[in-house]
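There are 2 protein chains.
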Amino acid sequence: MADGQSRAERKEATRQRLLDVTLRLIANRSLDSISLREVARTAGIVPTAFYRHFESMDQLGVELVDDCMRSLRQMIRDARRGVASHGDIIEGTIEVLGRQVREHPDQFRFLVRERYGGVRQVRRAIDTELTLFTSELAVDLARLTAGFDWSSEDLEMTADLMVAAMLKAIIDLLELDPKPARRRPDEQAILNRGAKQLRLIALGMGEWRSKD
Amino acid sequence: MADGQSRAERKEATRQRLLDVTLRLIANRSLDSISLREVARTAGIVPTAFYRHFESMDQLGVELVDDCMRSLRQMIRDARRGVASHGDIIEGTIEVLGRQVREHPDQFRFLVRERYGGVRQVRRAIDTELTLFTSELAVDLARLTAGFDWSSEDLEMTADLMVAAMLKAIIDLLELDPKPARRRPDEQAILNRGAKQLRLIALGMGEWRSKD
DNA sequence: CGCTTCAGTGAACAGTCGTACACTGTTCAG
DNA sequence: CTGAACAGTGTACGACTGTTCACTGAAGCG
């Protein structure tokens, strides 16, 4: 064999290359405007070889969601651990969020773009994961509000709002100047605002009395 | 002339047909996956005639933003008037929001889709309008918090969060079953949740003390 | 070692795309 | 009434698309 790689490893490498290349191409366009040929060409294989890995671009899109969601889940785990070590829940969460977006911008850009984008299956896949995330956050909130008997509906409503605030922060981070030089101050401003928003919501929770 | 229309009127009618058709095609796909030919075909003209109205699909997209934004601005005006008549600011705003989305789903779908979509110029145009909207809301909030000397930064942060909550409600409304039958209860649930979220934020504002 | 498996190749296909160009026939101003 | 303006037509082009098929040659198994 050419390198120190088995055939299976080489195949997996090509597969990953296809996914990576698609993620990079997505940066300036939407998924359903990217052609199979373009992906194959950029990955350095012939169009027909694409079918050895995915049966269509749509299917690649769905698998790309899974891939990216692993990042997001990692973020959530980190955030939970951050709570334990950092003390302040909000500060810790926002910090983890900032780091993850900085480290995997393409993945988050893909998720944000295709969340409302063209391909139905992809949209669904992202939506499912996001709903799951909201539910988990609602469970966390339930623990924090134990004794105040919040209805599960109110918990979900609050989690939904918090997720919306975090998503807005992610989106704003992604639209910063890609050059890392002039970027830092803005990045901190966005993260600070996000933290403030979460704190504002937390304050509201303290005064909340359900009315239904 | 064939109908009771001048040439200029006929031209304007075709132009509008192109815009409308594009809006309808956008429902299931993203702007940059729609071809000029498809738009022309659906509008009932030959591809080359398209150029009599727009110099490219991208330019049509930008003008479509302007068109749709007129709806959004109308919504804002209605909401402001609703405040005066309805008494409760939040209830009135959410009600107007629900009505507008129900009446112009395609326009809102376009704005939401292309807000993070492929075409840069379109994205920019939408972003500008949305930022403007947030600023106006911040001004409204300033009036409501007069005497509590909120910093303009905090006002903007709060307005940003409220806009995020409203956008989330709009998005959820758009993803409802298109069939009007089984739709009403879900629609009310989404609007109620949105109203609760705004109320939660308002409660937070009552307790807010800036820390910088 | 020989045989099979299979990731990747290359040519060919029927379509669609954006755009150029010369045109037609109605509208409208002078 | 005459001529220009111009919304819309029809044809043609080269480029690109997704998918087919028969193929090659190295990897991996018995």
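These protein sequences, in sequence, are chains A and B. In terms of the working numbering, the first sequence opens at residue 35 and continues consecutively. In terms of the working numbering, the second sequence opens at residue 35 and continues consecutively. The C-beta atom is built at its ideal place from N, Cα and C for all residues, glycine as well. Values in this document were obtained by computation on a predicted structure and should not be read as measured data.
Check whether the Cβ of residue i lies closer than 9 Å to any Cβ atom in chain B.
i                     : result
residue 242 (chain A) : yes
residue 63 (chain A)  : yes
residue 50 (chain A)  : no
residue 36 (chain A)  : Reliability of the predicted coordinates at residue 36 (chain A) is poor, the pLDDT of 44 falling under 50, and no value is obtained from them.
residue 103 (chain A) : no
residue 160 (chain A) : no
residue 205 (chain A) : yes
residue 209 (chain A) : yes
residue 227 (chain A) : yes
Taking 9 Å as the CB-CB limit, is residue i close to chain A?
i                     : result
residue 230 (chain B) : yes
residue 213 (chain B) : no
residue 85 (chain B)  : no
residue 67 (chain B)  : yes
residue 97 (chain B)  : no
residue 238 (chain B) : yes
residue 44 (chain B)  : no
residue 41 (chain B)  : no
residue 154 (chain B) : yes
residue 188 (chain B) : yes
residue 53 (chain B)  : no
residue 112 (chain B) : no
Please state whether the Cβ-Cβ distance between residue i and residue j is less than 9 Å.
i                     : j                     : result
residue 235 (chain B) : residue 195 (chain A) : yes
residue 67 (chain B)  : residue 188 (chain A) : no
residue 131 (chain B) : residue 225 (chain B) : yes
residue 203 (chain B) : residue 222 (chain B) : no
residue 238 (chain A) : residue 237 (chain B) : yes
residue 70 (chain B)  : residue 40 (chain B)  : no
residue 172 (chain A) : residue 186 (chain A) : yes
residue 210 (chain A) : residue 220 (chain A) : yes
residue 168 (chain A) : residue 190 (chain A) : yes
residue 77 (chain B)  : residue 51 (chain B)  : yes
residue 155 (chain A) : residue 92 (chain A)  : yes
residue 244 (chain B) : residue 151 (chain A) : no
residue 252 (chain B) : residue 240 (chain A) : The requested residue 252 (chain B) is not part of the displayed model; chain B covers only 35 to 246.
residue 87 (chain A)  : residue 114 (chain A) : no
residue 200 (chain B) : residue 163 (chain B) : no
Give the residues of chain B in contact with residue i, contact being defined as C-beta atoms less than 9 Å apart.
i                     : result
residue 192 (chain A) : 230, 231, 234
With DSSP as the reference, label residue i as helix, strand or coil.
i                     : result
residue 76 (chain A)  : helix
residue 89 (chain B)  : coil
residue 62 (chain B)  : coil
residue 153 (chain B) : coil
residue 209 (chain B) : coil
residue 39 (chain B)  : coil
residue 68 (chain B)  : coil
residue 142 (chain A) : helix
residue 119 (chain B) : helix
residue 186 (chain B) : helix
residue 181 (chain B) : coil
residue 244 (chain B) : coil
residue 214 (chain B) : coil
Determine the chain B residues that contact residue i at a beta-carbon separation under 7 Å, and present them in chain order.
i                     : result
residue 71 (chain A)  : Going along chain B, no residue has its Cβ under 7 Å from residue 71 (chain A), so there is no contact; the nearest lies around 15 Å.
residue 146 (chain A) : 150
residue 195 (chain A) : 199, 231, 234
residue 218 (chain A) : Within chain B, no residue comes near residue 218 (chain A); the closest Cβ sits about 18 Å away, beyond 7 Å.
Whose Cβ in chain A lies nearer than 7 Å to the Cβ of residue i?
i                     : result
residue 198 (chain B) : 198, 199, 202
Residue i versus chain A: which residues are under 9 Å apart at the beta carbon?
i                     : result
residue 123 (chain B) : In chain order: nothing, as chain A lies at least about 16 Å away.
Meets three-Cβ-pair contact criterion under 8 Å: the segment 52-63 of chain B and the segment 133-151 of chain B: Counting C-beta pairs closer than 8 Å gives three or more between the segment 52-63 of chain B and the segment 133-151 of chain B, which meets the contact rule.
Touch test, the segment 115-131 of chain B against the segment 75-82 of chain B, Cβ-Cβ under 8 Å, three pairs minimum: Output reads no: the segment 75-82 of chain B does not touch the segment 115-131 of chain B.
Segment contact, 8 Å Cβ cut-off, at least three pairs: the segment 97-113 of chain A with the segment 92-99 of chain B: As far as the Cβ criterion goes, the segment 97-113 of chain A does not touch the segment 92-99 of chain B, which means the pair count is below three.
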